Ligand code: ADP
């Protein structure tokens, strides 16, 4: 058992954050009360207390937002690319300037450690706006001889695991390509998208170019069924993704789906073991495992299994689990009560399937939604905890002897979003990247994201790519 460092509390200050008690819908450049008359609370998952009350957009509100976006489209799409780029650069710069405020709100609303929202979510969100802003006047060069043209209004629905970052993934390329948007954040994490709406208003974007409506599945369904949008963009569960796909087919709309995953993280015996252990940790425990590309299935070559397992457990023993606002925290709160229930159900299933469970001792806070980081050994390919996406800090470990065996095992999944390979041999990396059916494959690293790089999956992980030039292509049509 490794000694945990006895660190003093290092809470991030919240004094610079301005939050309203009640948030309205951002439609046509202004904040409007919902015609539905309905509201819901957004909760701090670390304390289960209400942070703010948020509007629930009904059908009429969604219709208003779509009409505002449709009205704004002709002028926005005809605006010189350089001018469109200036607006997007302005948004990017303001996110950077107010990054501490965004980071605090993201951690309050979603439960992720402040270190992650500060160092990953917010800088990456700004990077996506910067990246796309740079392309706004160069689309002819990004897609030479193809006469790129915008699609029209895009309806965009995002999940709760990376709220501001997902909003950036969706809004930045759409605007750069000359589309207008209606975006809905997830019902448990609407606050940073609403803050983004304030920035967009301050940036002087023409009214209706970006509309942000809040609500849950019904609001989302009203968006996807609406006749105006020409494009649906969705990130979330495979289950809801199937509804969205059907709505796209029914309405003859373009669609991109970024859905679930159950990624293989593969450690060969010639890998740098200490680095690989950090990669395993980052792969599954980053953001409490609420990551579609999380490395939730670990494959370790038999000869180094005992070494990797003991080092992994020792590393897990040092975890600081608790207050997301503390700068020392490694693992924060589970995003919602409902998600905690799902994860706990899988912990029970794992035990019933005969797997062996390991959880380090951690003093979980008394209130809020918490789950100790977990690993399961003695699992079989057919186990539900190996096949199904848990979306929590739960790792299933298996062993392998040969490359062919691990390729078969890794591909034995309905998903195909990501994978990780750890080895000293470049040739092995190339063999695996060709054989693994996954959209993103990391070699000797994990969970590295970059605005210039496309991201997306195969099979039940969806289709279409976000990020990079590929991400913009999804918001364009060609002659
Ligand atoms: P997760 O498993 O990450 O909670 P969901 O797929 O349930 O993901 O939710 C992702 C987003 O999809 C959220 O913004 C949610 O409100 C929205 N949503 C849920 N159900 C529907 C639906 N039937 N139609 C459109 N959007 C939906």
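Residue numbers (the numbering used here): 15 to 493.
Glycine included, each C-beta is placed from N, C-alpha and C at the ideal position.
On a predicted model such as this, the values are computed, not experimentally measured, just so you know.
Alpha helix (DSSP H) segment containing residue i, residue limits
{"i": "residue 35", "result": "Neither: residue 35 is in no alpha helix (DSSP H) and is coded neither H nor E."}
{"i": "residue 270", "result": "Here residue 270 belongs to no alpha helix (DSSP H); instead the beta strand (DSSP E) covers 268–272."}
{"i": "residue 328", "result": "319–330"}
{"i": "residue 352", "result": "351–366"}
{"i": "residue 287", "result": "287–299"}
{"i": "residue 148", "result": "136–149"}
{"i": "residue 79", "result": "73–92"}
{"i": "residue 480", "result": "Where residue 480 is concerned, there is no enclosing alpha helix (DSSP H), given that its DSSP letter is neither H nor E."}
Extent of the continuous beta strand (DSSP E) to which residue i belongs
{"i": "residue 53", "result": "53–58"}
{"i": "residue 46", "result": "44–46"}
{"i": "residue 195", "result": "194–198"}
{"i": "residue 116", "result": "Unbroken run through residue 116 is the alpha helix (DSSP H), 113–124; no beta strand (DSSP E)."}
{"i": "residue 315", "result": "311–315"}
{"i": "residue 64", "result": "63–69"}
{"i": "residue 372", "result": "370–372"}
Within 8 angstroms, strictly: CB atoms of residue i and residue j
{"i": "residue 467", "j": "residue 430", "result": "no"}
{"i": "residue 338", "j": "residue 60", "result": "yes"}
{"i": "residue 357", "j": "residue 406", "result": "yes"}
{"i": "residue 229", "j": "residue 198", "result": "yes"}
{"i": "residue 206", "j": "residue 116", "result": "yes"}
{"i": "residue 270", "j": "residue 488", "result": "yes"}
{"i": "residue 74", "j": "residue 50", "result": "yes"}
{"i": "residue 89", "j": "residue 220", "result": "yes"}
{"i": "residue 410", "j": "residue 420", "result": "no"}
{"i": "residue 313", "j": "residue 423", "result": "yes"}
{"i": "residue 463", "j": "residue 93", "result": "no"}
{"i": "residue 436", "j": "residue 285", "result": "yes"}
{"i": "residue 83", "j": "residue 222", "result": "yes"}
{"i": "residue 227", "j": "residue 214", "result": "no"}
{"i": "residue 114", "j": "residue 30", "result": "yes"}
{"i": "residue 332", "j": "residue 18", "result": "yes"}
{"i": "residue 426", "j": "residue 395", "result": "yes"}
{"i": "residue 432", "j": "residue 275", "result": "yes"}
{"i": "residue 297", "j": "residue 434", "result": "yes"}
{"i": "residue 289", "j": "residue 458", "result": "yes"}
{"i": "residue 87", "j": "residue 167", "result": "yes"}
{"i": "residue 335", "j": "residue 306", "result": "no"}
{"i": "residue 291", "j": "residue 325", "result": "yes"}
{"i": "residue 2", "j": "residue 341", "result": "Only positions 15 to 493 of the chain appear in this structure, which leaves residue 2 out of reach."}
Exposure of residue i, with buried meaning 16 or more beta-carbon neighbours within 10 Å
{"i": "residue 266", "result": "exposed"}
{"i": "residue 321", "result": "exposed"}
{"i": "residue 21", "result": "exposed"}
{"i": "residue 201", "result": "buried"}
{"i": "residue 62", "result": "exposed"}
{"i": "residue 412", "result": "buried"}
{"i": "residue 78", "result": "buried"}
{"i": "residue 125", "result": "buried"}
{"i": "residue 481", "result": "buried"}
{"i": "residue 190", "result": "buried"}
{"i": "residue 403", "result": "buried"}
{"i": "residue 70", "result": "buried"}
{"i": "residue 145", "result": "buried"}
{"i": "residue 127", "result": "buried"}
{"i": "residue 210", "result": "buried"}
{"i": "residue 203", "result": "buried"}
{"i": "residue 309", "result": "buried"}
{"i": "residue 129", "result": "buried"}
{"i": "residue 380", "result": "exposed"}
{"i": "residue 378", "result": "exposed"}
{"i": "residue 444", "result": "exposed"}
{"i": "residue 365", "result": "exposed"}
Rounded distance between the beta-carbons of residue j and residue i, thought under 8 angstroms
{"i": "residue 352", "j": "residue 384", "result": "Residue 352 to residue 384, Cβ: 15 angstroms. No contact."}
{"i": "residue 491", "j": "residue 263", "result": "Not a contact, Cβ separation roughly 18 angstroms."}
{"i": "residue 118", "j": "residue 28", "result": "5 angstroms"}
{"i": "residue 452", "j": "residue 472", "result": "7 angstroms"}
{"i": "residue 388", "j": "residue 408", "result": "5 angstroms"}
{"i": "residue 349", "j": "residue 369", "result": "Not really, about 24 angstroms apart at Cβ, beyond 8 angstroms."}
{"i": "residue 76", "j": "residue 233", "result": "6 angstroms"}
{"i": "residue 99", "j": "residue 150", "result": "4 angstroms"}
{"i": "residue 103", "j": "residue 147", "result": "4 angstroms"}
Please specify which runs of the beta strand (DSSP E), each continuous and at least 3 residues long, are wholly inside the stretch 392–471, giving them in chain order. 408–414, 432–436 and 454–457
Along the chain, which unbroken stretches of the beta strand (DSSP E) at least 3 residues long are found entirely within the stretch 151–189? 167–171
Minimum length 4: unbroken alpha helix (DSSP H) runs contained in the stretch 201–283: 205–216, 231–239 and 252–264
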